[in-house]
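Enquirer: Protein sequence lines correspond, in order, to chains A and B. Per the working numbering: the first sequence = residues 4 to 190. Per the working numbering: the second sequence = residues 4 to 190. Let me give you the structure first, and then I'll get to my questions.
Number of protein chains: 2
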Amino acid sequence: MSVLREKILHVASDLFQTRGINSTGVNTIVAVAGTTKMTLYKYFHSKENLILEVLQKNHQDFENWLSDKLTKNTKKPAEKLQKLFDFIEEWVVAPDFRGMAFIKASAEFPDEENAVHRLSAEQSRQFRQYLAGLAVEAGVRDADGLALQLSLLIEGAMQAEQMKRGCGAIKYAKKAATILINSALKN
Amino acid sequence: MSVLREKILHVASDLFQTRGINSTGVNTIVAVAGTTKMTLYKYFHSKENLILEVLQKNHQDFENWLSDKLTKNTKKPAEKLQKLFDFIEEWVVAPDFRGMAFIKASAEFPDEENAVHRLSAEQSRQFRQYLAGLAVEAGVRDADGLALQLSLLIEGAMQAEQMKRGCGAIKYAKKAATILINSALKN
DNA sequence: TTTGCTCTATACAGACCTGTAAATATACCC
DNA sequence: GGGTATATTTACAGGTCTGTATAGAGCAAA
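The structure is reproduced here in structure tokens:
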């Protein structure tokens, strides 16, 4: 994998998050990345293609990081659900946190037929499925229901933290999650 | 208030929600509204100004609708918190629901110094404050905490429903809210 | 009919956008 | 050195964007 390709992906991801996708032109991306449009269009057939790859990379990075944390720091399956929000908080309070990519992408591309919107929706679904897997392992009966509720808290908190840094949304989301998890485990 | 001004506001709001703000040009707005750019720029000094007015109108319409519903359909203060999510659901399942305006606006304008972003953040804060008022009336001790948690559920559910209509997010958000409210009332 | 107001029609300026063409430069492998 | 792949440079086409200038149409009141 070319180093320039990686650089473009990284720079594009950064600019998309800080300035918005539609407000970031390819001219800006290549200027910051220190290359030219010809190189960008060689690796990424179009801007839409670049957006899709950036989204995919961000999502994979997040899920890899999270599942790594979970497998390394927890032993029993039930523990994972409990500690989940500790790691989410760690992710959110990181200085380079800029919100969840697929949430913002779906806002910028509201048309349900649009490729970017569809990928965002798919990633949202995948994330809920991952949470549902944790809930199943923990012995929750309505695993899908709890997963959906936790995803609302997580995505809501990330949205809130992106809108106003340090607003403490993730802390209260964690408290709410504990209550919901305990309630779900009792049924 | 001029009828053309109202028409422009309404059309702009609709297009911003369905196509995105940055993807909607003033040319499109005036064409759909059946007027010209000269008239638009007469009433709204700039496109940014129009965006701000659209946001403000949407937010006021929502809060007015919600508080109307609450005052007309509930009697005791504690009831309002319980019934809140019924009305939110009613709002979300309406066929013309297109997501919460200020969430999408803040995603399209991520810069915290930007006027649109600042208004969005302010509206999010106002909404939480409104919820906190309901929690106080209901006798919740940590009213701000519960309000924040409920706002996460609501905003998360609206985001999810906007991403994929009929995904049932609001139903599970309601269940989660009931648990959280009951838990908060016990403390 | 004249005055005054709102709205329309049309054209334009200047900037930015995505995407491409063609020629040149750099580096590495044989 | 020669050949090859990769990257740069510069320029451009064709489009869209916000915002403005200018001239005229429609209409109501005096």
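Where a beta carbon is used, it is the ideal one built from N, C-alpha and C, also for glycine.
1) Do three or more CB pairs link the region 161-181 of chain B to the region 111-118 of chain B at distances below 8 angstroms?
2) When the Cα atoms are used, what is the spatial distance from ALA108(A) to HIS120(A)?
3) By how many angstroms is the C-alpha of LEU12(A) removed from the C-alpha of VAL6(A)?
4) In chain order, what residues of the same chain lie with their CB nearer than 7 angstroms to the CB of LYS72(B), ignoring the 5 residues before and after it?
5) Would you decide whether SER141(A) is buried or exposed? Buried here means 16 or more other CB atoms lie within 10 Å of its CB.
6) If you reduce the DSSP assignment to three classes, tell me which class GLY169(B) lands in.
7) State whether the region 86-102 of chain B contacts the region 145-153 of chain A, with contact taken as three or more CB pairs (one from each stretch) at a distance under 8 angstroms.
8) In chain order, what residues of the same chain lie with their CB nearer than 8 angstroms to the CB of GLY102(B), ignoring the 5 residues before and after it?
9) Comparing C-alpha positions only, which one of VAL35(B), SER154(B), ASN52(B), SER49(B) sits nearest to ILE173(A)?
10) Could I get the ranges of all uninterrupted alpha helix (DSSP H) runs contained in the region 88-144 of chain B, with 4 residues as the minimum, in chain order?
11) Verify the contact flag: ALA138(B), CB atom, against every heavy atom of the ligand SAH, threshold strictly below 7 angstroms.
12) So, helix, strand or coil for PHE47(B), using DSSP?
13) Applying the criterion that 16 or more other CB atoms from any shown protein chain within 10 Å of the CB defines a buried residue, is HIS48(B) buried or exposed?
14) What are the boundary residues of the alpha helix (DSSP H) that ASN30(A) is part of?
15) Counting only Cβ-Cβ distances shorter than 7 angstroms, please list the residues of the region 21-40 of chain A near chain B, keeping chain order.
16) Mapping the DSSP letters down to three states, classify LYS86(B) as helix, strand or coil.
17) Go ahead and label ALA104(A) buried or exposed: buried means 16 or more other beta carbons lie within 10 angstroms of its beta carbon, across all protein chains shown.
18) Check ASP72(A) in the structure and name its three-state DSSP category.
19) Would DSSP call ASN190(A) helix, strand or coil?
20) Label LYS83(A) either buried or exposed according to how many other C-beta atoms from any shown protein chain fall within 10 Å of its C-beta, with 16 as the threshold for buried.
21) Taking SER127(A) as the reference, which of VAL35(A), ASN61(A), ASN52(A) has the closest Cα?
22) Step through the CB atoms of chain B and report whether any lies within less than 8 angstroms of the CB of SER5(A).
23) Determine whether the beta carbon atoms of VAL57(B) and VAL35(B) lie at a separation below 8 angstroms.
24) Measuring only the C-alpha atoms, how far is THR39(B) from THR27(B)?
25) Could you check the C-alpha separation between ASN30(B) and GLU9(B) for me, to the nearest Å?
26) By a C-beta neighbour count over all protein chains shown, 10 Å radius and 16 as the cutoff for buried, is ARG131(A) buried or exposed?
27) Here's a check: name, in chain order, each residue in its chain whose Cβ is nearer than 8 angstroms to the Cβ of LYS86(B), leaving out the five neighbours to either side.
28) Can you give the Cα-Cα distance for ILE106(A) and GLU158(A), rounded to whole angstroms?
29) With DSSP as the reference, label ASN52(B) as helix, strand or coil.
30) Could you run through the region 96-122 of chain B and flag, in chain order, every residue whose CB is less than 9 angstroms away from some CB of chain A?
31) Here's a check: name, in chain order, each residue in its chain whose Cβ is nearer than 8 angstroms to the Cβ of LEU18(A), leaving out the five neighbours to either side.
32) Looking at the structure shown, is PRO148(A) part of a helix, part of a strand, or coil, going by DSSP?
33) Measuring alpha carbon to alpha carbon, tell me which of LYS167(A), LEU43(A), ASN25(A) ends up nearest GLU116(B).
34) Which residue comes first and which comes last in the alpha helix (DSSP H) that contains THR21(B)?
35) Give the secondary structure of LYS178(B) by DSSP, where H, G and I count as helix, E and B as strand, and everything else as coil.
36) Check the Cβ of LEU156(B) against every Cβ in chain A and list those closer than 9 angstroms, keeping chain order.
Expert: According to the structure shown:
1) Cβ pair count under 8 angstroms is below three, so no.
2) Whole-angstrom Cα-Cα distance: 7 angstroms.
3) Across the structure, VAL6(A) and LEU12(A) are spaced so that their CA atoms are roughly 10 angstroms apart.
4) Cβ-Cβ distances below 7 angstroms link LYS72(B) to PHE90 in the same chain, with the five nearest sequence neighbours on each side left out; the list follows chain order.
5) This sequence places Ala at residue 141(A); Ser is not what is there. By the neighbour-count criterion, in which 16 or more other beta carbons inside 10 Å mark a residue as buried, ALA141(A) falls on the buried side.
6) GLY169(B) falls in the coil class under three-state DSSP.
7) For the pair of segments examined, the region 86-102 of chain B was found not to touch the region 145-153 of chain A: the number of CB pairs separated by less than 8 angstroms stays below three.
8) The beta carbon of GLY102(B) sits closer than 8 angstroms to the beta carbons of GLN20, MET161, GLN162, GLU164, GLN165 from its chain, once the five residues preceding and following it are set aside; these are given in chain order.
9) Of the candidates VAL35(B), SER154(B), ASN52(B), SER49(B), the residue whose Cα lies closest to the Cα of ILE173(A) is SER154(B).
10) Restricted to the region 88-144 of chain B, the alpha helix (DSSP H) segments that are unbroken, complete and at least 4 residues in length are 104-111, 118-140, listed in chain order.
11) The ligand content of the structure shown is nil, which means the ligand SAH is not present either.
12) The DSSP-derived three-state label of PHE47(B) is coil.
13) Burial call: exposed.
14) Taken as a continuous stretch (DSSP letters only), the alpha helix (DSSP H) holding ASN30(A) covers 29-36.
15) So the close ones are THR21, ARG22, GLY23, ASN25, SER26.
16) In this structure, LYS86(B) counts as helix in the three-state DSSP scheme.
17) With 16 or more Cβ atoms within 10 Å of its Cβ, ALA104(A) is classed as buried.
18) What sits at residue 72(A) in the sequence shown is Lys, not Asp. LYS72(A): helix per DSSP, three-state reduction.
19) The DSSP-derived three-state label of ASN190(A) is coil.
20) Flag for LYS83(A) reads buried.
21) Selection VAL35(A), ASN61(A), ASN52(A) evaluated against SER127(A) yields ASN61(A) as nearest (Cα-Cα).
22) Between SER5(A) and chain B, the shortest Cβ-Cβ separation is not below 8 angstroms.
23) No, the pair does not count as a contact, with Cβ atoms beyond the cut-off.
24) When rounded, the distance between both Cα atoms is 15 angstroms.
25) Cα to Cα, ASN30(B) sits roughly 17 angstroms from GLU9(B).
26) ARG131(A) comes out buried.
27) For LYS86(B), where only same-chain residues beyond five positions count, the Cβ hits under 8 angstroms are LEU73, ASN76, THR77.
28) Each residue's alpha carbon lies about 8 angstroms from the other.
29) Reduced to three states, the DSSP call for ASN52(B) is helix.
30) Look at the region 96-122 of chain B: the residues with a C-beta under 9 angstroms from a C-beta of chain A are ARG101, GLY102, PHE105, ILE106, LYS107, ALA108, SER109, ALA110, GLU111, PHE112, PRO113, ASP114, GLU115, HIS120.
31) Taking LEU18(A) as the centre and dropping the five residues before and after it, the same chain places the C-beta of THR27, THR31, ILE32, VAL35 closer than 8 angstroms to its C-beta, in chain order.
32) This sequence places Gly at residue 148(A); Pro is not what is there. Here DSSP, grouped into helix, strand and coil, assigns GLY148(A) to helix.
33) Restricting attention to LYS167(A), LEU43(A), ASN25(A), the CA atom closest to the CA of GLU116(B) is found in LYS167(A).
34) From DSSP, the alpha helix (DSSP H) with THR21(B) extends over 6-22.
35) When secondary structure is reduced to three states using DSSP, LYS178(B) falls in the helix class.
36) Using a Cβ-Cβ cut-off of 9 angstroms, LEU156(B) is close to GLN152, LEU155, LEU156, GLY159, ALA179 of chain A, given in chain order.
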